[in-house]
Amino acid sequence: SLEILWDEYLQKLNDDALTPLNFYCNQFADLKVKIAKRGRKLVDYDAARHAHNSVVAANKKEDSKLIKTKEQFNIAKKLYTDINNELLSVLPNLYESRVGFTVNHLKCVFNADYHFHDESAKLSRDIRQEMGRMNVDDYKLDTNVAQIINNSKASEVTILEESLKSSTPDKSTSEEVEKIINRENGSSDAKVTDQLSSAVVGADRPFPQNNETKPQISAKQRTPSLDESNPFKHDQNLQNLPQKVEVKTKEEVITLTTSEKPSESISPVVLYKVRTTHRYSAEDTDELSFEAGEVILVVPYENPDEQDDGWLNGVKESSGEKGVFPENFTKKI
1 SLEILWDEYL QKLNDDALTP LNFYCNQFAD LKVKIAKRGR KLVDYDAARH AHNSVVAANK
61 KEDSKLIKTK EQFNIAKKLY TDINNELLSV LPNLYESRVG FTVNHLKCVF NADYHFHDES
121 AKLSRDIRQE MGRMNVDDYK LDTNVAQIIN NSKASEVTIL EESLKSSTPD KSTSEEVEKI
181 INRENGSSDA KVTDQLSSAV VGADRPFPQN NETKPQISAK QRTPSLDESN PFKHDQNLQN
241 LPQKVEVKTK EEVITLTTSE KPSESISPVV LYKVRTTHRY SAEDTDELSF EAGEVILVVP
301 YENPDEQDDG WLNGVKESSG EKGVFPENFT KKI
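Residue numbers for the sequence shown follow the UniProt record's numbering, so the first one is 1 and each next one is one higher.
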């Protein structure tokens, strides 16, 4: 993982770059101390040399004092010469090694950095390949699930078609229904004929009159007076009565025939209900238009071959309008 690579990178920097750098820098403190000591030894050497020269210049025959100053001079000279020779051998080499050390130090840093980034790139490439393989597997899984859902929907539609076929009345039942309707139509026609005949008979009879307001007239006097005063009254009564009865009877027969047809009384089977989540405007005559929040009853297609992926057939619960609509604009209740 990246955490392990980062730990290895830090460890490599510490071992190959930081430790040599600390060792190189620690030399300067010791050299600084030696340089300071050389300065002090130089002062002692100068003092001893000056004292020895003073004794020699005095022309004194004191051998002990001369010997003592000479010994101090030799000791100071030796100490100064030793430390000075040491610094002369160390300082030039240290100064010359600065370029090589800097190059090696930067090389170690860059190698560690290159190794870390190279391993990180390999790890990232492996992760991307694994993620791509997982995406392909997820796509295959989604495709299999979609196929299973489509197969289940097709089986449901087949079952619904079989149930609709089983619920459709057979030929014998429809023939019996037609006989009943024809029998009722015949009875209604007979009633119309009776009404027409009664209307014709009633046309020959006089209309009732109030006996209190008019005097009674005999049949012989009443008949000629009716014929002479209005000879077409009989025809007018025939024209007025049967037309209303005939029209009313035909309307009743048509209503009876239409309401008792078994093929139109079967309501569509509702699979489930959905609620619209977005507004949709119909782009074709067989599509539904709806607003967000409406309820639609999902019904099976009359012809399953016409079903498109992502589209459902349904009826709006509010208006009863029927058509197809996109499935992703709805949510199942």
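Don't be surprised by glycine CBs; every beta carbon is placed ideally from N, CA and C.
Measuring CA to CA, which of N93, C108 and L288 is closest to Q11? Along the sequence shown, one-based indexing puts residue 11 at 11. Residue C108 is the option with its Cα nearest to Q11.
Which stretch, first to last residue, makes up the alpha helix (DSSP H) that contains S28? One-based indexing of the sequence shown puts residue 28 at position 28. Before going further, note that residue 28 is Phe rather than Ser in the sequence given. F28 -> alpha helix (DSSP H) spans T19 to A57.
Could you name the residues of the same chain whose beta carbon sits closer than 7 Å to that of E119, not counting the 5 residues immediately before and after it, in chain order? By one-based count along the sequence shown, residue 119 stands at place 119. Only residues of its own chain outside the window of five on either side were considered, and among them L5 have a CB closer than 7 Å to the CB of E119, listed in chain order.
How many Å lie between K34 and I127 at the Cα? Position 34 of the sequence shown, counted from the start, is the residue given in the question as residue 34. Position 127 of the sequence shown, counted from the start, is the residue given in the question as residue 127. Between K34 and I127, the C-alpha separation is close to 58 Å.
Measuring straight from C-alpha to C-alpha, what distance separates H50 and K32? Translated into positions along the sequence shown, residue 50 becomes position 50. Translated into positions along the sequence shown, residue 32 becomes position 32. Looking at the backbone, the Cα of H50 and that of K32 are separated by about 27 Å.
Please classify Y114 as buried or exposed, where buried requires at least 16 neighbouring CB atoms within 10 angstroms. By one-based count along the sequence shown, residue 114 stands at place 114. So Y114 counts as exposed.
Which term fits H278, buried or exposed, when burial requires 16 or more other beta carbons within 10 angstroms of its beta carbon? Taking the sequence shown and counting its residues from 1, the one referred to as residue 278 is at position 278. Exposed, by the Cβ-count rule.
Under the DSSP definition of a beta bridge, which residues are partnered with R275? Within the sequence shown, the letter at position 275 stands for residue 275. R275 is bridged to V295 and K331.
CB contact flag (V295, V270, <8 Å): Numbered from 1 along the sequence shown, position 295 holds the residue referred to as residue 295. Numbered from 1 along the sequence shown, position 270 holds the residue referred to as residue 270. 8 Å or more divides the Cβ of V295 from the Cβ of V270.
To the nearest angstrom, how far is it from the Cα of L94 to the Cα of F101? Along the sequence shown, one-based indexing puts residue 94 at 94. Along the sequence shown, one-based indexing puts residue 101 at 101. If you draw a straight line from the Cα of L94 to the Cα of F101, it comes to about 10 Å.
If you check the beta carbons only, do L288 and E321 fall under 8 Å apart? Within the sequence shown, the letter at position 288 stands for residue 288. Within the sequence shown, the letter at position 321 stands for residue 321. Taking 8 Å as the Cβ cut-off, L288 and E321 qualify as a contacting pair.
If I measure Cβ to Cβ from H52 and keep anything under 6 Å in the same chain, skipping five residues before and after, which residues do I get? Mapped onto the sequence shown, residue 52 falls at position 52. Non-local C-beta neighbours of H52 in its own chain, meaning closer than 6 Å and more than five positions away in sequence, comprise T69, K70 and F73, ordered along the chain.
Which residues in the same chain as residue 334 place their Cβ atom closer than 7 Å to its Cβ, once the five residues preceding and following it in sequence are excluded? As shown, the chain starts at 1 and ends at 333. That puts residue 334 outside it, with no answer to give.
CB-CB under 8 Å to A47, same chain, minus the five flanking residues each way: which ones, in chain order? As a first step, residue 47 is located in the sequence shown; it is residue number 47 there, counting from the start. Setting aside the 5 residues that flank it on each side, A47 is surrounded in the same chain by A76, each with a C-beta closer than 8 Å to its C-beta; the list follows chain order.
Return the bridge partner residues of Y9 from the DSSP annotation. By one-based count along the sequence shown, residue 9 stands at place 9. In the DSSP secondary-structure assignment, Y9 is not bridged to any residue.
Closest to N104 by CA distance: which of S281, L13, I333 and G39 is it? Reading the sequence shown from its first residue, position 104 is the one you call residue 104. Nearest to N104 by alpha-carbon distance, out of S281, L13, I333 and G39, is L13.
Where do the N-terminal and C-terminal ends of the beta strand (DSSP E) with G314 fall, by residue? Position 314 of the sequence shown holds residue 314. Note, G314: beta strand (DSSP E), W311 to K316.
Roughly how many whole angstroms lie between the Cα atoms of A29 and F23? Residue numbering aside, residue 29 sits at position 29 when the sequence shown is read from its first letter. Residue numbering aside, residue 23 sits at position 23 when the sequence shown is read from its first letter. Straight across, the Cα-Cα distance linking A29 with F23 is about 11 Å.
Here's the rule: buried if 16 or more other CB atoms are within 10 angstroms of the residue's CB, otherwise exposed. What is G39? Walking along the sequence shown from the start, residue 39 turns up at place 39. Flag for G39 reads exposed.
Excluding the 5 residues preceding and the 5 following P20 in the sequence, name in chain order all residues of the same chain whose CB lies nearer than 6 Å to its CB. For the purposes of this step, residue 20 is identified with residue 20 of the sequence shown, where counting begins at 1. The answer is none, since no qualifying residue turns up.
Run through DSSP, which three-state label would P326 get? Sequence index remark: in the sequence shown, residue 326 carries index 326 (1-based). Three-state DSSP puts P326 in a strand.
Helix, strand or coil at E287 [DSSP, three-state]: What you label residue 287 is simply residue 287 of the sequence shown in a count that begins at 1. Note: E287 maps to strand in three-state DSSP.
In or out: Y272 buried (at least 16 other Cβ within 10 Å) or exposed? By one-based count along the sequence shown, residue 272 stands at place 272. By the neighbour-count rule (16 or more Cβ atoms within 10 Å), Y272 is not buried but exposed.
Which residues does DSSP list as the beta-bridge partners of Y280? For the purposes of this step, residue 280 is taken as residue 280 along the sequence shown, with counting starting at 1. Its beta-bridge partners are F290.
Please classify T276: is it buried, with 16 or more other beta-carbons within 10 angstroms of its beta-carbon, or exposed? Looking up residue 276 in the sequence shown gives position 276. Counting Cβ neighbours within 10 Å, T276 comes out buried, since at least 16 surround it.
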